[in-house]
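>
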Amino acid sequence: MNATATAITPPPVLAAYGYCETVTGQQARNFAYGIRLLPPEKRQAMSALYAFSRRIDDIGDGPLEPAAKEARLAGARALLARVRSGAVEDDDTDPVAVALADAARRFPIPLGGLDEVIDGVLMDVRGQTYATWDDLEVYCRCVAGAIGRLSLGIFGVADVPGRSAREAARAADYADTLGLALQLTNILRDLREDAEEGRVYLPADDLAAFGCAGGFSAPEPPPDADFTGLVRFEVRRAQALFGEGFRLLPLLDRRSGACVAAMAGIYRRLLDRIARDPGQVLRGRVSLPGREKAFVAVRGLSGLDARHITRRPARYPARHPVRRNL
440 MNATATAITP PPVLAAYGYC ETVTGQQARN FAYGIRLLPP EKRQAMSALY AFSRRIDDIG
500 DGPLEPAAKE ARLAGARALL ARVRSGAVED DDTDPVAVAL ADAARRFPIP LGGLDEVIDG
560 VLMDVRGQTY ATWDDLEVYC RCVAGAIGRL SLGIFGVADV PGRSAREAAR AADYADTLGL
620 ALQLTNILRD LREDAEEGRV YLPADDLAAF GCAGGFSAPE PPPDADFTGL VRFEVRRAQA
680 LFGEGFRLLP LLDRRSGACV AAMAGIYRRL LDRIARDPGQ VLRGRVSLPG REKAFVAVRG
740 LSGLDARHIT RRPARYPARH PVRRNL
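Start counting at 1 in the sequence shown, then tack on 439, and there's your number in my numbering.
1. Tell me whether I447 is buried or exposed, calling it buried when 16 or more other Cβ atoms sit within 10 Å of its Cβ.
2. Could you give the DSSP three-state label for F672: helix, strand or coil?
3. Nearest to V596 by alpha carbon, out of R712, D612 and G584?
4. Three or more beta-carbon pairs under 8 Å between the stretch 655-663 and the stretch 604-622, yes or no?
5. Considering only the alpha carbon of each residue, which of R482, E683 and L561 lies closest to C698?
6. Could you check the C-alpha separation between D563 and G499 for me, to the nearest Å?
7. Buried or exposed for Q678, going by 16 or more other Cβ atoms inside 10 Å?
8. Is A652 near V537, with beta carbons less than 7 Å apart?
9. Report buried or exposed for A506, applying the criterion of at least 16 other Cβ atoms within 10 angstroms of its Cβ.
10. If you draw a straight line from the alpha carbon of L591 to that of L721, how long is it in whole angstroms?
11. Using only alpha-carbon positions, find the residue among I495, L503 and D531 that is nearest to V556.
12. Kindly indicate which three-state DSSP category R544 falls into: helix, strand or coil?
Next up, the structure:
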């Protein structure tokens, strides 16, 4: 925060933000590169949002039995209700709640989006599977699209002369769609890891169309499966979502746009890497080296990546090809 903001922010709140920033720096392996580009007040608010979201994710991914996870998620929802009602005091013992409550007072964050995140994690806990892309899209909007809309509450839409109210109103749709693109990229990257934990996210009709209904727990796909075709089909879907979601960037101020360009740019490069060699997602976790992530962040701050990625056309694959003689 600037000197004025620091002077009026109670020490317990500053300490709570510090805790959330530590969590973000240690655990947000990709998002941290973008969040660092924000001015201090927005960076702290985004860290609070990340820390709460991370807590929800950790419950879903943790070792507890499903019933215990549901109880923990109910507790998180009750805490969120306290934040929403203004019942969290600055001296509360939960630093994430303190930071999120302060951020919600400073920015118009649509906190209902965090209820959607909890709903999405409940789908994981209950072992939900997805027959079609429409089904999977609901899940993605909960766990990622909602994060895009929540973040937009912190970023805000830049007040630019000549911009129509209708165009500005589309910002939430673009943020939501960009979240879908990031989540689908995550699903492709973690295909084998999820399969080993008994989770399958890709739509069942896509898996069947490419002969991949048997799963992905082995380092090589079945010999009669068109695994490359499946991955590249999903890559095209994600590319189309990125193309639509990147329309958010011109609606943001420079620093917020740089943050989004960096975070989304890292995932877009991951997607490009997967597209070049689809089989690598079965051999191990696909990632970018730190120096490349830093390079993307620098380009985002300079505006170079933003100009590049917003020029890419989006071509959405309406349906998968029908395979024969499987």
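For each residue, glycine too, the CB sits at the ideal point set by N, CA and C.
From the atom records:
1. exposed
2. Helix.
3. D612
4. no
5. R482
6. If you take the alpha carbons of D563 and G499, they lie about 7 Å apart.
7. Q678 counts as buried, since at least 16 other C-beta atoms from the protein chains shown sit within 10 angstroms of its C-beta.
8. no
9. exposed
10. 34 Å
11. I495
12. helix
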